[in-house]
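Accompanying notes for the structure given below.
2 protein chains.
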Amino acid sequence: MPANKAPQVPFIQSLDRGLMILEAIALSKHPVSLGELADLLSVDRSSAFRLAHTLRRRGFLASPAGRKDYILGPSMWRLAQQYDWSNMLIRVANQHLKLLATQINETAHIAIREGKNALFIDSADANHVIAVAGQTGELVPLYCTAHGKALLADTEEQELKALLGPGPLRKYTKNTITNIAALAKDCSLIKKRGYATDEAEFREELRCLAAPIRVENGMIVGSIGISAPTSRFVKERYRSYAEQVCKVASDIGLTLSSVEQSTEQEPKEVVAG
Amino acid sequence: MPANKAPQVPFIQSLDRGLMILEAIALSKHPVSLGELADLLSVDRSSAFRLAHTLRRRGFLASPAGRKDYILGPSMWRLAQQYDWSNMLIRVANQHLKLLATQINETAHIAIREGKNALFIDSADANHVIAVAGQTGELVPLYCTAHGKALLADTEEQELKALLGPGPLRKYTKNTITNIAALAKDCSLIKKRGYATDEAEFREELRCLAAPIRVENGMIVGSIGISAPTSRFVKERYRSYAEQVCKVASDIGLTLSSVEQSTEQEPKEVVAG
DNA sequence: AAGCTAATTGCGCATTACGCAATAGGAGTT
DNA sequence: AACTCCTATTGCGTAATGCGCAATTAGCTT
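Keeping their order, the protein sequence lines are chains A and B.
Going by our numbering, 229 is the number at position 229 of the first sequence; the sequence numbering is gapless.
Just so we're on the same page, our numbering is the position in the second sequence counted from 1, plus 273.
Next comes the structure, spelled out in structure tokens:
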């Protein structure tokens, strides 16, 4: 298999260098001097200067007051702000989502956090149904669903209290966790093992297993998981399901974080429903 | 006044074009085709193609599954995510903050939202013997401070309830608003007139006036305001103070949104009092 | 004030990126 | 299914562009 042919498509050198500068400065914890940039790119100081100047001109870089070195400017922030990134998660995750639904043969969902709730932004059905499942767009509580708890995995008890309020949590089923301390304990377990479960804590007869999707720096940007009727989703399957869900969550995180695969790289083996 | 001398410093054409592509795609609500990019830059399709390819290669652009046109890729998002933007607000706002403190001759603060609190990230002192101390680093409640309410200006009653919880709000002083409905009403007023006040709602003997800092798309990213002992900060001054605070908040928002002024550009011509 | 380091500018050559034109890939039409 | 039109992609030669070198300026330290 011809893994990678030679760089068939030539790329624009100076643009590429400019992008490397952006990456380097975004990554650095301190302002970056011209010399460092020149070293990094292995180019002359004058070239680095002109590249940096071009970036600054468009607001992608700036200099701290009175300094000559560079930090990120407002443009990158502004562009990232106004963009609708939820679609990207859907796009990137969709293929993985389908794969997961097929492998496990249960409905799979992707959710993001939306205030005090988890919002289902995409789903894939188990048995070759073309239409998207009904729950896309639905809001469910964070504290009693697998997706919600996965999204809360890094949240400390302190923050949980602030987020969910001092009042008692609504008890949807007999399994619903209504105690913040218990929830915090569950979260730390979820964080450690990498996935969350919902044993009919929100809806009777519904079990769910979900894992947080983390990007490069560890931040949780969404969750992916599977749901099934309690009858079919017996505890003995948790281990196997958990592995697959975690693997997919990790893959999505890598795709979101990395820069190496946006093209090609379609897992073509997705079943055509 | 020598507004702008000729473009003394040459900029790198292809990098500049790449950045224009990023801006265009971030701004567009739908995926952008190669042809549109070529038209936008007034270059040949082949040139646009190679630029776009270079951007995609580094993850700054991507293509929807099966499509050939372009959307933003994960890199921009990732870089913006992991960067510590609060420093940028401090940096950009600092000069305005000092100016405000000098003009009004009271302590001025900048705050951002941090969960259920407002966090003071910078301050500038006035030259009164008795003045409000700079509280940089301090967390104060959102619902009973001028900064907090400015940060909440766009928040609907529904969201306020979710954020602040169903429980009663702590009553710090006799003026503290403890009723969500009343708070929502205050917020809509703040949104309309552009500034918030704190009439000793958090600390006795302390009055404050703050305005939300909004960027291009209207989103609130912080607040700026002034604080003074009640004795000195009489109601008759509100109107004049409000104007100045709002002007400064607006200036900061413009600086954050625009791309033309990151360097130099000290607002020297501001009226001195 | 001198001396050092780092940023900035001028300049000329070689590389690079550009436009043109040819090719490939898809979607719709007859 | 063959044809057609539209857009993406590739090859190529040229000249504009961006690069390194070296000179100049700016900011600091001694």
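Glycine included, C-beta positions come from ideal geometry on N, C-alpha and C.
Here the structure is a predicted model, which is why all the values come from computation and not from measurement.
Identity of the residue in the options nearest residue i by Cα
{"i": "B/PRO304", "options": "B/ASN378, B/ILE363, B/ALA325, B/LYS520", "result": "B/ALA325"}
{"i": "A/ILE224", "options": "A/ILE252, A/GLY137, A/SER240", "result": "A/ILE252"}
{"i": "A/THR136", "options": "A/HIS109, A/LYS149, A/LEU254, A/LYS161", "result": "A/HIS109"}
{"i": "B/LEU424", "options": "B/SER336, B/ASP471, B/ALA297", "result": "B/ASP471"}
{"i": "B/ALA297", "options": "B/ILE463, B/ILE344, B/GLU509", "result": "B/ILE344"}
{"i": "A/GLU274", "options": "A/ALA162, A/ALA126, A/LEU254, A/LEU142", "result": "Lying outside 1 to 273, the shown extent of chain A, residue 274 of chain A is not represented and no answer is given."}
{"i": "B/GLY407", "options": "B/SER306, B/ALA501, B/SER513", "result": "B/ALA501"}
{"i": "B/ILE231", "options": "B/GLY388, B/ILE486, B/LEU362, B/SER301", "result": "Past the boundaries of the shown model lies residue 231 of chain B; chain B is included only from 274 to 546, so the question cannot be answered."}
{"i": "A/LYS29", "options": "A/SER14, A/GLU236, A/ARG45, A/ASP69", "result": "A/ASP69"}
{"i": "A/SER42", "options": "A/SER14, A/SER240, A/PRO64", "result": "A/SER14"}
{"i": "B/SER481", "options": "B/ALA419, B/ARG505, B/SER359", "result": "Looking at the sequence provided, one finds Cys at residue 481 of chain B rather than Ser. Closest option to B/CYS481, Cα to Cα, is B/ALA419."}
{"i": "B/ARG476", "options": "B/PRO414, B/ARG340, B/SER359, B/LEU310", "result": "B/PRO414"}
{"i": "A/MET85", "options": "B/LEU310, B/TYR416, B/PRO337", "result": "The sequence shown places Trp at residue 85 of chain A, not Met. Answer by Cα proximity: B/PRO337."}
{"i": "B/LYS447", "options": "B/ARG318, B/LEU310, B/CYS417", "result": "B/CYS417"}
Cβ-based burial, residue i [other Cβ within 10 Å; buried from 16]
{"i": "A/ILE130", "result": "Residue placement at A/ILE130 is poorly supported in this model, since its pLDDT is 35, which falls under 50; the coordinates still yield a value, given next. It is exposed - the Cβ of A/ILE130 has fewer than 16 other Cβ atoms within 10 Å."}
{"i": "B/ARG386", "result": "buried"}
{"i": "B/GLY308", "result": "exposed"}
{"i": "B/GLY438", "result": "buried"}
{"i": "A/ILE12", "result": "buried"}
{"i": "A/ALA6", "result": "In this prediction, A/ALA6 scores a pLDDT of 42, lower than 50, which makes its location untrustworthy; the coordinate-derived value is nonetheless stated afterwards. A/ALA6 comes out exposed."}
{"i": "A/ASN117", "result": "buried"}
{"i": "A/VAL234", "result": "exposed"}
{"i": "A/LYS149", "result": "buried"}
{"i": "B/ASP312", "result": "exposed"}
{"i": "A/VAL132", "result": "Note that A/VAL132 scores a pLDDT of 36, beneath 50, so its modelled location is shaky; the value from the coordinates is reported in the next line. A/VAL132 comes out exposed."}
{"i": "A/ARG170", "result": "exposed"}
{"i": "A/LYS98", "result": "buried"}
{"i": "B/ALA384", "result": "buried"}
{"i": "A/HIS128", "result": "With a pLDDT of only 42 at A/HIS128, under the threshold of 50, the placement of this residue in the model should not be trusted; the figure read from the coordinates follows. A/HIS128 is exposed by the Cβ-count criterion."}
{"i": "A/PRO168", "result": "exposed"}
{"i": "A/ASP186", "result": "buried"}
{"i": "B/SER535", "result": "Because B/SER535 carries a pLDDT of 35, less than 50, the predicted location of this residue cannot be relied on, and the following value inherits that uncertainty. Flag for B/SER535 reads buried."}
{"i": "B/ALA397", "result": "buried"}
{"i": "A/ALA272", "result": "With a pLDDT of 30 at A/ALA272, under the threshold of 50, the modelled position of that residue is not reliable, and no figure is offered here."}
C-beta contact flag for residue i and residue j at 8 Å
{"i": "A/LEU256", "j": "B/PRO283", "result": "no"}
{"i": "A/ALA194", "j": "A/ALA211", "result": "Note on identity: in this sequence residue 194 of chain A is Gly, with Ala being the wrong assignment. Result yes, Cβ atoms of A/GLY194 and A/ALA211 sit closer than 8 Å."}
{"i": "B/THR449", "j": "B/GLU478", "result": "no"}
{"i": "B/ALA322", "j": "B/LEU295", "result": "According to the sequence shown, residue 322 of chain B is Phe rather than Ala. The answer is no: Cβ separation not under 8 Å."}
{"i": "B/GLU474", "j": "B/TYR445", "result": "yes"}
{"i": "B/TYR356", "j": "A/ALA62", "result": "no"}
{"i": "B/ALA426", "j": "B/ALA469", "result": "yes"}
{"i": "A/ILE220", "j": "A/ILE213", "result": "yes"}
{"i": "B/ALA435", "j": "A/GLY218", "result": "no"}
{"i": "B/LEU392", "j": "B/LEU412", "result": "yes"}
Chain B contact residues for residue i, given Cβ-Cβ distances below 7 Å
{"i": "A/LEU41", "result": "None at all; the shortest Cβ gap to chain B is about 12 Å."}
{"i": "A/PHE60", "result": "LEU292"}
{"i": "A/LEU152", "result": "Chain B residues near A/LEU152: none, gap ~14 Å exceeds 7 Å."}
Contact list for residue i against chain A, beta-carbon separation under 9 Å
{"i": "B/LEU462", "result": "Neighbours of B/LEU462 on chain A: none; closest Cβ ~23 Å, over 9 Å."}
{"i": "B/ALA338", "result": "ARG91, ASN94, GLN95, GLU266"}
{"i": "B/ASN490", "result": "ARG78, GLN81, GLN82"}
{"i": "B/GLY388", "result": "GLU159, ALA162, LEU163"}
Under 9 Å by beta carbon: chain B residues contacting residue i
{"i": "A/ASP44", "result": "Going along chain B, no residue has its Cβ under 9 Å from A/ASP44, so there is no contact; the nearest lies around 13 Å."}
Contact list for residue i against chain A, beta-carbon separation under 7 Å
{"i": "B/VAL282", "result": "HIS53"}
{"i": "B/TYR356", "result": "ALA26, LEU72"}
{"i": "B/LEU529", "result": "PRO74"}
{"i": "B/LEU295", "result": "LEU79"}
Where residue i meets chain A, residues with beta-carbon distance less than 8 Å
{"i": "B/ILE289", "result": "Correcting the residue identity first, residue 289 of chain B is Asp in this sequence and not Ile. Result: THR54, ARG57, ARG58."}
Closer than 8 Å at the beta carbon, the chain B residues around residue i
{"i": "A/ARG50", "result": "VAL282, PRO283, PHE284, ILE285"}
At least 3 beta-carbon pairs within less than 8 Å: the stretch 286–299 of chain B vs the stretch 325–337 of chain B: yes
Does the contact criterion of 3 or more C-beta pairs under 8 Å hold for the stretch 179–195 of chain A versus the stretch 153–165 of chain A? yes
Under 8 Å: do the stretch 91–111 of chain A and the stretch 225–244 of chain A share three or more Cβ pairs, one atom per stretch? yes
Using 8 Å as the Cβ pair cut-off and three pairs as the minimum, do the stretch 66–81 of chain A and the stretch 93–101 of chain A touch? no
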